[in-house]
């Protein structure tokens, strides 16, 4: 490791140290142990910016840091891969972690929570794991920290462990993602066993190995390209679990049981992003498999629409945001699935910012509302908390995809990429159509949320006299609000297409043009591998305009509908007019029910049946052998009467029997 | 050196036995630190290489002396250590020390006898791992049962007699089978220029040099059938000890009735006797038969994993949950062994150590909860964390270790096994077996999370009316030590994994497998 | 010289009488006598076959058995005395406490 990158491990280690300090001596520190975390994440942020600058200066690193175990066959190790993608992600993760730490001073400390050292230790461990995941240079290391962020998520969702619901939600979150990780782990093992390497980058990466194996080798009885698809889909299991894609999305809404800053950090901006980030990280591998890409795209498009419809009928502000999160990750998956690597990453970064903003904004509202989360009990908060309102509004418009907020640019690029591929691929077109329809719903539920929360008349006592929020809450909101407004400037792709301006900065960044890059991990390398052809309606320019017009139009339509429907001081509950459709959406399409049934209605009775079988059949045989021996002994001992005469008679009989046997054998009787 | 190690423990056991009850616990703990120290010193001074039983293996701390003669066969005092046995020796000494510490609270009668027996178990366990002569090994193997029988039968729960007798008879019958099988093997290999002693290395090398001579006929079986029959009989004999489904039913009963420290030793080390013996005997001596029986063995390994986990899911007694999950974890060991690859066998051995630490920790944590609440039923408790935070969080940490959380030893063990098993060349359908077995990691998460949610989280409630106090230091300290070891092995598995694979690689290499 | 069959038949007859005594009598004294009869049947066999083979081993053996029988009677009577003292009878079907 050279130059600035010598300090790169510190980015990861700072939060670990903070975790250790808070865990051991947190209870003796002021502010419930918040300071080590703030300092550490601040340090990580600063160093991440340095790393980004280094990458901008044309450097990258791909270094081995620590070897778990090595043989000539394979090496299990931890390494550091800092390229444009991970550098960008590092900045975002450490920025949000830092802001969430600061915000927590208002949300947790000022509210007199107990167990704060545990809270900050959890945040520290989470930040450590997430950053380590981001810089991972191989799939095993990714898996390791993928699991660890799952643990932190469990601990933080279950932070209020004295309640009944929080531990249950924590359990569900871990279990559902574990189910996805089961496939992920098989994928890791399969990739390790077939290619002998787990590295993401370089000549010895599994991507390179797979590329050279295609058309020439078979693995475990499968052609190499089928095998790439199989293993790719196995790894995708973990992605679907962590990024809350259908059908493993059910844990995310429940995860809102955790403290709101945790929701912002983990369940919106970073951990949930881990899944999509993983797809981006090993995009070269997925690019080899058309089937895997199509699955990714379709799952993404479907999830985007599916979750958006549920978001429209929720009354709890955090639930709306939870479903919008699921929906937005669907867009990123769609982008990845259509080969829109840049669009996916762009939306990932933007979403991290504006969703963290929305959750922190919701957190501020919840503080103000004395921990009331039902939007129907809010209203009229606009005048009383302007900072929150305007930043929240910025985040909402970004989420809804209204020009010029950041979400518009990235979502538009996703849809554009999907459209040009979809014109020749019917399946992708279907995914595109679903995602496009979801834009309308997104606009609707976002504005509905803003309207109900901030506009109209206060609908409860709490809303009339909101609790004041402190400066530590306002600063993060303001910072993120500005970023949500200008974030789109990272990649103004339509302007580049239409006006020929060189403003697609992120595309060039991820492509390594003018900045550091790692061979094989660049946008054009991926584009060469992805097999999709592109078609246009009215040329590239026409398609850009058409796509942007469609998505903006639908977003505005949805937003406008919500704006009018929920206007006035006392808005009515319009969604109830949808009748059974609403019931279906409120019940989350019975997704929870069937998954709970799988656990409680199927697995548990099966387990009980096994237990009965074990106790009766298997143990029955064991005990049976014992009983038979005892019973036999009981009977046999009756031979021993204590009568000398009987013994003598037995001896005689024995001799006679012996004589007969010997006689028969000796042929005496013949 | 090994003689010193054993002598210290045997003498220590006798001394403790005679000591007054009042000081027996402290005395036993002090004594148990000696073997722990010696074994740790051995870890640093270890100079062996290769496998103890195979040619080219260099034993550490070897010593051999003639003992007596059975016909033409010599029996000797033959002890030594290699990379497989040394980690288990260290595990045994450390776990015994900690188990003694953790029994200060619950054991309140006949302490001197109790601690004397615990040390006596330790001595025999160490004997099992160091002995390299079959008869010597068998003496230790059997002698382990006696103190364990008394620990369960005297200090156990309400059904202790049933559990103790079941444990004793079941495992003893299994010992009979394996003894008969092994003696048959020795006699089949004996004769002109054949094996002339019960020394395991000699027997192993004879097996690798051609096995049972062609034309041998014993009990009407030819050489091939005889090898297969002996392999199966040995396997069954060890299967009870491991235990492998369907020979596992003594385990939950024994665990539930046993006092905490006995459970710790039972799960932590006694089960490893079975897997250790399987590795030493079946898998080292009979590679060809392993290949023949690979699919059935892999099948019961997978069944053990899934079925054991399903049984654990149905339990409401914390101890039964952990007991059944041991069945599940041992299934992974068998899967790793039968894969017959570097990472498979190495990972299986690593899992023995790792599971010893983790299950020991879990049983201690359950014990601490039980000491305070006098119940182990998940349904009787709720929100214990509020009253006993330290013990509860340690339980949670241990449970995540059990689930194979990365950076704890269980993950590395399981990952090695999975990786080793997936690419196995000896086992057909290896990816399928591995994939199904891996589903165990989901079920284990299911039942442990379920148990934790019910027991430790939620609003506080307790069916029994005991005052909950914070656990004393001598209850918590051993758990923290174990947790630290688990994390250290998880972060830096190479501390022992290199040593282990150094000893297990020759097993794979000797059968034409790829050597490292 | 008589044929060997005669001696053997005598011996067999004596043995069967002794056996009959053991199987039917309950008085310990009668038991003892029956045992003596069976011992003597064996001795006759030994002596007869010794004569038949022309060796002395069997006869010496016979003498030994006589000596042993004397000792045995002494011990047997002693046992009977103890029986009588403990159970008040010399009926062998009464004392059954020695089983299991």
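Chains as they are written, first to last, in our numbering: chain Y, 1 to 670; chain X, 1 to 516; chain U, 1 to 100. Virtual Cβ for every residue (Gly too), placed ideally from N, Cα, C.
- Assignment of residue 9 of chain U by DSSP, reduced to helix, strand and coil, places it in the helix class.
- At a cut-off of 3 residues, not a single continuous stretch assigned as beta strand (DSSP E) sits fully inside the region 197-249 of chain Y.
- For residue 66 of chain X, the beta-bridge partners assigned by DSSP are X:76.
- Under the three-state reduction of DSSP, residue 65 of chain Y is assigned to strand.
- Residue 360 of chain X and residue 264 of chain X have their alpha carbons spaced roughly 5 Å apart.
- By the Cβ test, the region 584-597 of chain Y is in contact with the region 247-264 of chain Y, since at least three Cβ pairs between them sit closer than 8 Å.
- By the CB criterion at 7 Å, residue 240 of chain X and residue 174 of chain X fall inside the cutoff.
- For residue 179 of chain Y, the residues of chain X that pass the 8 Å Cβ criterion are 442, in the order they occur in the chain.
- According to the DSSP assignment, residue 460 of chain X belongs to no alpha helix (DSSP H), since it is labelled neither H nor E.
- Three or more Cβ pairs closer than 8 Å define a contact, and the region 478-492 of chain X falls short of that threshold against the region 313-323 of chain X.
- A Cβ of chain U is located within less than 7 Å of the beta carbon of residue 642 of chain Y.
- Residue 149 of chain X does not reach chain Y, its nearest Cβ partner there being about 15 Å away, counting only Cβ pairs nearer than 9 Å.
- For residue 382 of chain X, the three-state secondary structure derived from DSSP is strand.
- With a cutoff of 7 Å on beta-carbon distance, residue 409 of chain Y and residue 315 of chain Y are scored as not near each other.
- Proximity of residue 99 of chain U to chain Y, defined by a Cβ-Cβ separation below 7 Å, is satisfied.
- When the five nearest sequence neighbours on each side are left out, the beta carbons in the same chain lying within less than 6 Å of the beta carbon of residue 394 of chain Y are those of 481, 484 and 485, in order along the chain.
- In the structure shown, the three-state DSSP call for residue 138 of chain Y is strand.
- Residue contact with chain U for residue 657 of chain Y: absent (no Cβ-Cβ distance below 7 Å to any residue of chain U).
- Residues 347, 350, 351 and 354 of the same chain have their beta carbon placed closer than 6 Å to that of residue 413 of chain X, with the five preceding and five following residues left out of the count.
- Contact annotation, residue 290 of chain X with residue 282 of chain X: C-beta distance approximately 7 Å; criterion of less than 8 Å satisfied.
- When the five nearest sequence neighbours on each side are left out, the beta carbons in the same chain lying within less than 7 Å of the beta carbon of residue 43 of chain X are those of 86 and 90, in order along the chain.
- Closer than 7 Å at the C-beta level to chain Y, one finds these residues of the region 243-272 of chain X: 246 and 249.
- Residue-level contact by beta carbon fails for residue 616 of chain Y and chain U, as no gap is shorter than 7 Å.
- Closest in alpha carbon position to residue 471 of chain X, among X:385, X:229 and X:329, is X:385.
- Ranked by Cα distance from residue 104 of chain Y, the options Y:235, Y:33, Y:90 and Y:152 are led by Y:33.
- Distance from the CA atom of residue 73 of chain Y to the CA atom of residue 583 of chain Y, rounded to whole angstroms, is 56 Å.
- Of all residues in the region 397-412 of chain X, only 400, 403, 404, 405, 406, 407, 411 and 412 come within less than 9 Å of chain Y when Cβ atoms are compared, listed by chain position.
- DSSP places residue 452 of chain X in the helix class (H, G or I) of the three-state scheme.
- Taking one beta carbon from each stretch, the region 100-115 of chain Y and the region 458-475 of chain Y have 3 or more pairs nearer than 8 Å; the two touch.
- Pairwise C-beta distances place the region 143-153 of chain X in contact with the region 168-185 of chain X, as three or more of them are shorter than 8 Å.
- For residue 255 of chain X, the enclosing alpha helix (DSSP H) covers residues 250-257.
- Counting C-beta pairs closer than 8 Å gives three or more between the region 300-317 of chain Y and the region 325-336 of chain Y, which meets the contact rule.
- Among the residues of the region 64-76 of chain Y, those with a Cβ less than 9 Å away from any Cβ of chain X are 66, 67, 68, 69, 70, 71, 72, 73, 74 and 76, in the order of the chain.
- Residue 21 of chain X sits in a helix when the DSSP states are folded into three classes.
- For residue 194 of chain Y, the CB contacts under 6 Å within the same chain, skipping 5 residues up- and downstream, are 219 in chain order.
- Annotation for residue 347 of chain X: no beta strand (DSSP E) segment contains it, though the alpha helix (DSSP H) segment containing it runs 342-373.
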